[in-house]
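Student: So that we are looking at the same thing, I have put the structure below in structure tokens.
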Ligand code: SAH
Ligand code: SF4
Ligand code: F3S
């Protein structure tokens, strides 16, 4: 049996990071990443945050079940949040599933997959939560000469295909907040911070390997280092480094041009982190700060532990520290008990803060969370109608804010070729410092590799290009390269 694998990823950036690590760990063991037709093993990395992404997992496994009838022997592993939730239940429902693993169990997944390859009868469940951050084997260095291709990605809400110059580095796992609607604390377990020394080592290696932008990842990065597992472990976990200090240490890595982090909980954002936006030149002026709802009554029932006034005060401080900071958010409509008046308060907060963009969701009941028992439930048609009104308001704000950037100069880190191409030159997609998507036509070529070749024909991803914004589209910008060098 050929050790070939194909990874399908749903969910957040943490899942994308986990899939990327697993791919590297398997390649380091001699496995080969393959297209679906050629793969023996399918890994489905799953998300359970709302009902829709969970249902996608079952339809994906249904599709693989049909495929398996044509390709006997096909084997699957299910990882991530639905795996943690359903566990061994997958073995009964889909007999070709032979490994289930949660986010703490993933460290053991490569060895478990080796075992499945050896023993066609083996079935393994890696579902235990661990008390401390489960540091995984370092798979960065051995792969420097043969990087694993990016895993296939189908996010319910999220950013597709980052470029080769962007790295996502985990700083923690799990969450202790138990917001009333959220399944994450049940599927990802308690908050566990990763040792600062391990975070810094990985960031340095990534920069040495060509990363120009690093995003630090965690469900609630602002409480980095505050979990009990961290205190118990003493120096081994970094000797009392909090998030603001971690940011400073990562920002100081020579060669790192851009630093971002996600996600932040407003209740935990530290004044030192807010100040960092004004102090660290490579900390990008963008922050994803989930508001969830604009009504104090709803925020209270959600258990978010901040109110409108507190949120607005944070926004004012952030803007004082970094006037050009771009704010984005997550919003839920139709939380149990949400009235039209509550919903109006959300719209009003959107008008006040003027987020550059937002992810917005209809409340979805998740098994075991506190909100399941809260009543009255908002009718689906009412929630849907509120969602559309909210999105239409956001679209207007986004459009105006993008329009105001026309004529400005910016620096774009190229990620990939644009999805839409016009005749003539090739268009490349990247992001400016604030995280806005900019598409640029590039007729020329980069120096030192040019040799007369057109910019369209070669790999420009990872280059930073100075550009002038010439046009604002609904959700992105069109730029024109200005000046030299690249
Ligand atoms: N840790 C992040 C969020 C992770 S989940 C944070 O605290 O900001 C991503 C988003 O999904 C949440 O911000 C929330 O807006 C949404 N979400 C979570 N549970 C949901 C549910 N049951 N129904 C609808 N949206 C939900
Ligand atoms: Fe979920 Fe709240 Fe934790 Fe975010 S902070 S993962 S919304 S429980
Ligand atoms: Fe989804 Fe789990 Fe991430 S529920 S959003 S994959 S933490």
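Numbering (the numbering used here), first residue to last: 7 to 492.
By construction, the Cβ of each residue, glycine as well, lies at the ideal position given by its N, Cα and C atoms.
Checking 7 Å against the spacing of the C-beta atoms, do residue 416 and residue 473 come in under that value?
Tutor: Numbered from 1 along the chain shown, position 410 holds the residue referred to as residue 416. Numbered from 1 along the chain shown, position 467 holds the residue referred to as residue 473. It is a contact, given that the beta carbons lie within the stated cut-off.
Student: So what does residue 198 bridge to, in DSSP terms?
Tutor: Against the chain shown, residue 198 aligns to sequence position 192. Note: residue 198 sits in a beta bridge opposite 179.
Student: Compute the beta-carbon to beta-carbon distance between residue 367 and residue 56, rounded to the nearest angstrom, for a pair I have assumed lies under 8 Å.
Tutor: Residue 367 sits at position 361 when you count from the first residue of the chain shown. Residue 56 sits at position 50 when you count from the first residue of the chain shown. The pair is a contact, with the Cβ atoms about 6 Å apart (cut-off 8 Å).
Student: Express the C-alpha separation of residue 197 and residue 131 in angstroms, rounding to a whole number.
Tutor: Walking along the chain shown from the start, residue 131 turns up at place 125. Walking along the chain shown from the start, residue 197 turns up at place 191. In a straight line, the C-alpha of residue 131 is about 22 Å away from that of residue 197.
Student: Taking the beta carbon of residue 99 as the centre, do at least 16 other beta carbons fall within 10 Å, making it buried, or is it exposed?
Tutor: For the purposes of this step, residue 99 is identified with residue 93 of the chain shown, where counting begins at 1. Exposed, by the Cβ-count rule.
Student: Which of the three DSSP states, helix, strand or coil, is assigned to residue 20?
Tutor: Residue 20 sits at position 14 when you count from the first residue of the chain shown. Reduced to three states, the DSSP call for residue 20 is helix.
Student: Nearest to residue 340 by CA position, among 329, 119, 386, 357, is which residue?
Tutor: By 1-based counting over the chain shown, the position of residue 340 is 334. Measuring from the Cα of residue 340, the nearest candidate turns out to be 386.
Student: For ligand 1, is there any heavy atom lying closer than 6 Å to the beta carbon of residue 369?
Tutor: The sequence position of residue 369 within the chain shown is 363, counting from 1. Because some heavy atom of ligand 1 lies under 6 Å away, the Cβ of residue 369 counts as near it: yes.
Student: Please report the distance separating the alpha-carbon of residue 16 from that of residue 125.
Tutor: For this step, residue 16 is matched to residue 10 along the chain shown. For this step, residue 125 is matched to residue 119 along the chain shown. So the alpha carbons of these two residues sit roughly 28 Å apart.
Student: Return yes when at least one heavy atom of ligand 2 lies under 6 Å from the C-beta of residue 294, else no.
Tutor: Position 288 of the chain shown, counted from the first residue, corresponds to residue 294. No, Cβ of residue 294 sits at least 6 Å from all heavy atoms of ligand 2.
Student: Note down the Cα distance separating residue 74 from residue 14, rounded to an integer number of angstroms.
Tutor: For the purposes of this step, residue 74 is taken as residue 68 along the chain shown, with counting starting at 1. For the purposes of this step, residue 14 is taken as residue 8 along the chain shown, with counting starting at 1. Those two C-alpha atoms are separated by around 16 Å.
Student: Return the chain-ordered ranges of every beta strand (DSSP E) run that is complete within the segment 31-103 and spans a minimum of 3 residues.
Tutor: Runs found: 47-52, 81-86.
Student: Kindly give me the distance between the Cβ atoms of residue 222 and residue 175, rounded to whole angstroms, as I take these residues to be in contact under 8 Å.
Tutor: The residue labelled residue 222 in the question sits at position 216 within the chain shown. The residue labelled residue 175 in the question sits at position 169 within the chain shown. Contact holds; Cβ gap of about 6 Å.
Student: Please indicate yes or no: does the CB of residue 226 lie closer than 6 Å to some heavy atom of ligand 2?
Tutor: Taking the chain shown and counting its residues from 1, one reaches residue 226 at position 220. Yes, since a heavy atom of ligand 2 falls inside the 6 Å radius drawn around the Cβ of residue 226.
Student: Using CA coordinates, which residue listed in 65, 28, 71, 136 is at the minimum distance from residue 85?
Tutor: Taking the first residue of the chain shown as position 1, residue 85 is located at position 79. Comparing Cα positions, the closest option is 28.
Student: Can you grab the Cα-Cα spacing for the pair residue 127 / residue 7, in whole Å?
Tutor: Taking the first residue of the chain shown as 1, we reach residue 127 at position 121. Taking the first residue of the chain shown as 1, we reach residue 7 at position 1. Distance between the alpha carbons of residue 127 and residue 7: 14 Å.
Student: In angstroms with no decimal places, state the Cα-to-Cα distance between residue 262 and residue 394.
Tutor: As a first step, residue 262 must be located in the chain shown, where it is residue number 256. As a first step, residue 394 must be located in the chain shown, where it is residue number 388. Residue 262 and residue 394: Cα-Cα distance of roughly 40 Å.
Student: Buried or exposed: where does residue 58 fall if 16 or more other Cβ atoms within 10 Å of its Cβ makes it buried?
Tutor: Taking the first residue of the chain shown as position 1, residue 58 is located at position 52. Exposed, because fewer than 16 other Cβ atoms sit within 10 Å of the Cβ of residue 58.
Student: Checking 7 Å against the spacing of the C-beta atoms, do residue 219 and residue 172 come in under that value?
Tutor: In the chain shown, residue 219 corresponds to position 213, counting from 1. In the chain shown, residue 172 corresponds to position 166, counting from 1. Contact flag set, yes.
Student: What are the boundary residues of the alpha helix (DSSP H) that residue 401 is part of?
Tutor: Here residue 401 corresponds to residue number 395 of the chain shown, with the count starting at 1. That run of the alpha helix (DSSP H) goes 386-409.
Student: Between which two residues does the beta strand (DSSP E) harbouring residue 421 extend?
Tutor: Position 415 of the chain shown, counting from 1, holds the residue named residue 421. Note, residue 421: beta strand (DSSP E), 415-423.
Student: What's the gap between the Cα of residue 83 and the Cα of residue 315?
Tutor: One-based indexing of the chain shown puts residue 83 at position 77. One-based indexing of the chain shown puts residue 315 at position 309. Between residue 83 and residue 315, the C-alpha separation is close to 46 Å.
Student: In whole angstroms, give me the CA-to-CA distance for residue 371 and residue 489.
Tutor: By one-based count along the chain shown, residue 371 stands at place 365. By one-based count along the chain shown, residue 489 stands at place 483. C-alpha separation (whole angstroms): 53 Å.
Student: Given residue 405, which residues of its chain have a CB within under 8 Å of its CB, disregarding the five upstream and five downstream residues?
Tutor: Translated into positions along the chain shown, residue 405 becomes position 399. Excluding residues within five positions, the ones whose Cβ falls inside 8 Å are 478, 480.
Student: Which residue marks the beginning of the beta strand (DSSP E) containing residue 470, and which one marks its end?
Tutor: The residue labelled residue 470 in the question sits at position 464 within the chain shown. First-last of the beta strand (DSSP E) with residue 470: 470-478.
Student: Tell me where the alpha helix (DSSP H) around residue 250 begins and ends.
Tutor: The residue given as residue 250 occupies position 244 in the chain shown. Looking at the DSSP string, the run of the alpha helix (DSSP H) that includes residue 250 is 249-257.
Student: Straight-line CA distance for residue 230 to residue 179?
Tutor: Numbered from its first residue, the chain shown carries residue 230 at position 224. Numbered from its first residue, the chain shown carries residue 179 at position 173. Straight-line Cα distance between these residues: approximately 10 Å.
Student: Taking 6 Å as the cut-off, is the CB of residue 372 close to at least one heavy atom of ligand 1?
Tutor: Residue numbering aside, residue 372 sits at position 366 when the chain shown is read from its first letter. Correct: residue 372 has its Cβ closer than 6 Å to ligand 1.
Student: Would you mind sorting residue 318 into buried or exposed? The rule is 16 or more other CB atoms within 10 Å of its CB.
Tutor: Locating residue 318 in the chain shown gives position 312, counting from the first residue. When all chains shown are included, residue 318 counts as exposed.
Student: Could you pull the DSSP bridge partners for residue 146 from this structure?
Tutor: Along the chain shown, one-based indexing puts residue 146 at 140. Answer is none; residue 146 lacks a bridge partner.
Student: Would you mind working out which of 345, 279, 373, 396 sits nearest residue 337, comparing C-alpha positions?
Tutor: Walking along the chain shown from the start, residue 337 turns up at place 331. Ranking 345, 279, 373, 396 by Cα distance to residue 337 puts 396 first.
Student: Is the segment 297-308 touching the segment 318-329, taking contact as three or more C-beta pairs under 8 Å?
Tutor: No contact exists between the segment 297-308 and the segment 318-329.
Student: Would you say the beta carbon of residue 188 comes nearer than 6 Å to a heavy atom of ligand 3?
Tutor: Translated into positions along the chain shown, residue 188 becomes position 182. Flag unset: Cβ of residue 188 not near ligand 3.
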